[in-house]
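>
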Amino acid sequence: MRGDDEERQLPDPRVLGWLLAAHNILQALPTAQRLGEFLSRALWDIPGVSRGGLCLSDPLMEPCSRPCPALDRGYAGQSATGCPGAAMTRLSLETSHGHYGQIVLEIEDQALFGPYEPFLANFAGSLALLLETRRQRIQLEEAFERLSEEERRYRRLFTEMTTGHAVHEIILDETGLPCDYRFLEVNPAFERITGLKAEVVVGSMVSDILPGLEIPWAENYERAALTGEPVHFEDYNQDLDHYYDVVAYRPQQGQLAVILTDITERRQAEERLHEASKELRAQNKELQKAQGEAARLLAEQRALFQRLQETLLDVPSQLPGVRFAHLYQSATKEAQIGGDFYDVFETKGGRIALLIGDVSGRGIEAAGVATLVKDAVQAFTLRLRRPHLVLRETNRFLVDKDIPGFVTVFLGFLDPGSGTLVYSSAGHPPPLLDTKGRMLVLQSFSPPLGVFGDARYRDSEASMSDGSLLLLYTDGITETRRDGELFGEQRLAESLRRIRHREVESLPGLLLEEALLFTGGGLEDDVALLAVRYLGNGSASTEAV
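Once you know that position 489 of the sequence shown is 773 in our numbering, the rest is easy, because the numbers rise by one and skip nothing.
1. Cα-Cα, which of N521, H516, G460 is closest to V530?
2. If contacts are defined as beta-carbon pairs under 8 angstroms, then S614 and D810 qualify, I think. What distance do you get, rounded to the angstrom?
3. Contact between the stretch 529-547 and the stretch 562-580: three or more CB pairs below 8 angstroms?
4. According to DSSP, what are the bridge partners of H383?
5. Look at the alpha carbon of V657 and the alpha carbon of G689, and state the distance between them as a whole number of angstroms.
6. Since A812 and Y757 should fall inside the 8 angstroms C-beta cutoff, what is the C-beta to C-beta distance between them, to a whole number of angstroms?
7. Since I believe G734 is in contact with L682 (beta carbons under 8 angstroms), could you give me their beta-carbon distance rounded to a whole number of angstroms?
8. Counting C-beta neighbours from all protein chains within 10 Å, is the total for D457 16 or more, i.e. buried, or is it exposed?
9. Relative to the C-alpha of V706, which residue among T692, Q727, D686 is closest?
10. Note down the Cα distance separating S491 from T545, rounded to an integer number of angstroms.
11. Rounded to a whole number of angstroms, what is the C-alpha to C-alpha distance between E378 and C339?
12. Under three-state DSSP, which class holds E599?
13. Could you tell me the alpha carbon to alpha carbon distance between E453 and S561, rounded to whole angstroms?
14. Just checking, does the stretch 482-500 make contact with the stretch 458-466 on the three C-beta pairs under 8 angstroms criterion?
15. Any contact of the stretch 779-792 with the stretch 706-723, i.e. 3+ C-beta pairs under 8 angstroms?
16. Touching or not, the stretch 417-428 and the stretch 394-407, by the rule of three or more beta carbon pairs under 8 angstroms?
17. Which two residues bound the contiguous beta strand (DSSP E) that contains V606?
18. So what does DSSP say about Q539, is it helix, strand or coil?
19. Assuming E798 is part of the beta strand (DSSP E), what are its boundary residues?
20. Determine, using beta carbons only, whether L716 and L770 come nearer to each other than 8 angstroms.
21. Around the Cβ of D624, are there at least 16 other Cβ atoms within 10 angstroms (buried) or fewer (exposed)?
22. Identify the continuous alpha helix (DSSP H) that holds H449 and give its terminal residues.
23. Using three-state DSSP, classify E503 as helix, strand or coil.
24. Verify whether the separation of the beta carbon atoms of V484 and E469 is less than 8 angstroms.
25. Short of 7 angstroms in beta carbon distance, which residues of its chain neighbour R551, apart from the five on each side in sequence? Order them along the chain.
26. What distance in whole Å lies between the Cβ atoms of A473 and T511, which are believed to be in contact at a cut-off of 8 angstroms?
27. In terms of residues, what are the limits of the alpha helix (DSSP H) holding H785?
28. Within a Cβ cutoff of 8 angstroms, which residues of the same chain sit near R635, ignoring the five residues on either side of it in sequence?
29. Taking 7 angstroms as the cut-off, does the CB of D525 come closer than this to any heavy atom belonging to the ligand FAD?
30. How is Y741 classed by DSSP in three states: helix, strand or coil?
31. With the cut-off set at 8 angstroms, would you say L675 and Y741 are in Cβ contact?
32. Considering only their Cβ atoms, is the gap separating L611 from G793 smaller than 8 angstroms?
33. What are the boundary residues of the beta strand (DSSP E) that includes H516?
34. With DSSP as the reference, please indicate the residues paired to M489 in a beta bridge.
35. Ignore the nearest five residues each way along the sequence and tell me which others in I455's own chain have a CB closer than 8 angstroms to its CB.
Structure follows, in structure tokens:
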């Protein structure tokens, strides 16, 4: 507590000096960071004030917005502990434009403080105005800094952009229409793209630099200059001998800016592409003609193949003592001619010849070899009565012809009177014979035809009784597989045993269905099947199916 004499004193000149210095500090310092500390000391010197501080609410005044440490609790609205019974006084710092904070005082003696209160109220008003001015100055400085940054960014963009950029002054004629344009500024990319240097063009008229400016350029420039709307176009510039993509716009009144992109290479590529397209269309026409011709030839070839395949698979409609059925299935959806073949014919001595074979390879070459074999067997059968002799002569014939690949063949002669089957095999899969409930495999081991000129073949015999069933087949059915596992001869024999009592007409199709069911629906090679039912001595002739 101060004494009674001090209570009756007028405002101390030192205090007035401190308060005046606060104005000067706020005006002089770049920031108000010392104002709070200084004002706290000044307020402490006011009679009747135990402590005081400045608390600012404006974030722009952040350096001085921290309250005086001695006043933290008082500012928070709690009871002051510095002096028991002291009162809190707050002087608002506000103007008509906003609130900037408050001066907080802890009054321990109102009588001593009273003479200073009006002065402090005026001081608070003045300080608020100074803070407002300070705030406006900070805002202006920040706005100027933002503007400067935008200018720097624009200059950097203008300098570093890869497209050419030129700014012109619009020159008007006496009617107020654009008649020319003066270069004001160009960026480095403009110099690179056009070959026009800044020191040459800046300050010059476009008509002087580009006297041959094409009409579309002038019209588009004028439209952008008059309407203020951006104009985009592509055109060739004769003076610069390049194609450009151009955007013309009016950045501000009285100016025209132009953005250029050199598209010469693109245009040249488009022209090359156009020429290539013309050439391609011409080639396509020729190709379509060639495709039409190829389609015609292919159709003729398919018809020829079909006739050839039919020749390979042609059998007589009926023969005495037997009933038979046959089937050929290509491994591909679109049937191709192959080397599988079979034949049934009556020999000179009245026996029935049963022939099946498989030429290695595919296509017309394999079919041609199959035709040779079929014709040769029929020819040699006219003078030779034993199957092994027919195969021997056919083999020599094929070796002399130097055929490509090889041929597997089974040939049997069936006596319709006795049921005796004499047969010989040249490397062909063994036929299956079901007779009196027994399933026999007609094995015979001899080399294929067309490989060794001195190959030897031998005959074997089997007996067929009434109702006996003989199955001849090519390896396309036994070698079809599922997950690497073959359908095989054993499964084929089991399938035949299950259906042996069915009509012979249905047997080839049923056996093929069994194989396809095993594989899941696909074949890896062509399949030929020939099923023969022996009807016994004296039976009537029957038709083949």
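All C-beta atoms, glycine included, are put in the ideal place defined by N, C-alpha and C.
According to the data block:
1. If you number the sequence shown from 1, residue 530 lands on position 246. Selected option, being the one with the closest Cα: H516.
2. In the sequence shown, the residue the question calls residue 614 occupies position 330. In the sequence shown, the residue the question calls residue 810 occupies position 526. Rounded to the nearest angstrom, the Cβ distance from S614 to D810 is 5 angstroms, consistent with a contact under 8 angstroms.
3. Proximity of the stretch 529-547 to the stretch 562-580 falls short of the contact definition, fewer than three beta-carbon pairs being nearer than 8 angstroms.
4. The residue labelled residue 383 in the question sits at position 99 within the sequence shown. Paired residues: E378.
5. Translated into the one-based positions of the sequence shown, residue 657 becomes position 373. Translated into the one-based positions of the sequence shown, residue 689 becomes position 405. V657 and G689 have their C-alpha atoms spaced approximately 13 angstroms apart.
6. Position 528 of the sequence shown, counted from the first residue, corresponds to residue 812. Position 473 of the sequence shown, counted from the first residue, corresponds to residue 757. Taking the Cβ atoms as the reference, A812 lies roughly 7 angstroms from Y757, within the contact range of under 8 angstroms.
7. As a position in the sequence shown, residue 682 is number 398, starting the count at 1. As a position in the sequence shown, residue 734 is number 450, starting the count at 1. The Cβ separation is near 4 angstroms, so the contact holds.
8. Counting from 1 along the sequence shown, the entry for residue 457 is found at position 173. Residue burial is scored here from C-beta neighbours: D457 has fewer than 16 other C-beta atoms within 10 angstroms and is therefore classed as exposed.
9. Indexing the sequence shown from 1 puts residue 706 at position 422. When T692, Q727, D686 are compared, the shortest CA-CA separation from V706 is found for Q727.
10. To locate residue 491, count along the sequence shown from 1; it is residue 207. To locate residue 545, count along the sequence shown from 1; it is residue 261. A straight line joining the alpha-carbon of S491 with that of T545 spans about 21 angstroms.
11. Residue 378 sits at position 94 when you count from the first residue of the sequence shown. Residue 339 sits at position 55 when you count from the first residue of the sequence shown. C-alpha separation (whole angstroms): 12 angstroms.
12. By one-based count along the sequence shown, residue 599 stands at place 315. It should be noted that the sequence gives Val, not Glu, for residue 599. Three-state result, V599: coil.
13. Taking the first residue of the sequence shown as position 1, residue 453 is located at position 169. Taking the first residue of the sequence shown as position 1, residue 561 is located at position 277. Separation of E453 and S561 (C-alpha to C-alpha, rounded to the nearest whole angstrom) is 45 angstroms.
14. Result yes; three or more Cβ-Cβ pairs closer than 8 angstroms.
15. Touching, per the Cβ criterion.
16. Too few Cβ pairs lie closer than 8 angstroms, so no.
17. In the sequence shown, the residue the question calls residue 606 occupies position 322. Residues 606-613.
18. Indexing the sequence shown from 1 puts residue 539 at position 255. In this structure, Q539 counts as strand in the three-state DSSP scheme.
19. As a position in the sequence shown, residue 798 is number 514, starting the count at 1. E798 -> not in any beta strand (DSSP E); alpha helix (DSSP H) instead, spanning 791-803.
20. Stepping through the sequence shown from its first residue, residue 716 is reached at position 432. Stepping through the sequence shown from its first residue, residue 770 is reached at position 486. No; because the gap between Cβ atoms is not below 8 angstroms, this pair is not in contact.
21. In the sequence shown, residue 624 corresponds to position 340, counting from 1. Classification of D624: buried, given that the 10 Å Cβ count is 16 or more.
22. On the sequence shown, position 165 is the one that residue 449 refers to. Not the alpha helix (DSSP H): H449 falls in the beta strand (DSSP E), residues 448-456.
23. Taking the first residue of the sequence shown as 1, we reach residue 503 at position 219. The answer is helix: DSSP assigns E503 an H, G or I state.
24. Working through the sequence shown from its first residue, we reach residue 484 at position 200. Working through the sequence shown from its first residue, we reach residue 469 at position 185. Cβ atoms of V484 and E469: not closer than 8 angstroms.
25. What you label residue 551 is simply residue 267 of the sequence shown in a count that begins at 1. The answer, listed in chain order, is Y527.
26. Translated into the one-based positions of the sequence shown, residue 511 becomes position 227. Translated into the one-based positions of the sequence shown, residue 473 becomes position 189. Rounded to whole angstroms, the Cβ separation of T511 and A473 is 26 angstroms, and the two are not in contact under 8 angstroms.
27. As a working note, residue 785 is residue 501 in the sequence shown. DSSP places H785 outside any alpha helix (DSSP H), giving it a letter other than H or E.
28. To locate residue 635, count along the sequence shown from 1; it is residue 351. So the list reads F697, L698, D699, P700, once near-sequence residues are dropped.
29. The model depicted lacks the ligand FAD and carries no ligand whatsoever.
30. One-based indexing of the sequence shown puts residue 741 at position 457. DSSP places Y741 in coil when its eight states are reduced to three.
31. Within the sequence shown, numbered from 1, the residue matching residue 675 stands at position 391. Within the sequence shown, numbered from 1, the residue matching residue 741 stands at position 457. For the pair L675 and Y741, the CB atoms are nearer than the 8 angstroms cut-off.
32. Within the sequence shown, the letter at position 509 stands for residue 793. Within the sequence shown, the letter at position 327 stands for residue 611. Yes, the pair counts as a contact, with Cβ atoms nearer than the cut-off.
33. Taking the sequence shown and counting its residues from 1, the one referred to as residue 516 is at position 232. Looking at the DSSP string, the run of the beta strand (DSSP E) that includes H516 is 515-521.
34. For the purposes of this step, residue 489 is taken as residue 205 along the sequence shown, with counting starting at 1. According to DSSP, M489 bridges with R466.
35. Translated into the one-based positions of the sequence shown, residue 455 becomes position 171. For I455, where only same-chain residues beyond five positions count, the Cβ hits under 8 angstroms are P462, C463, D464, Y465, R466, M489.
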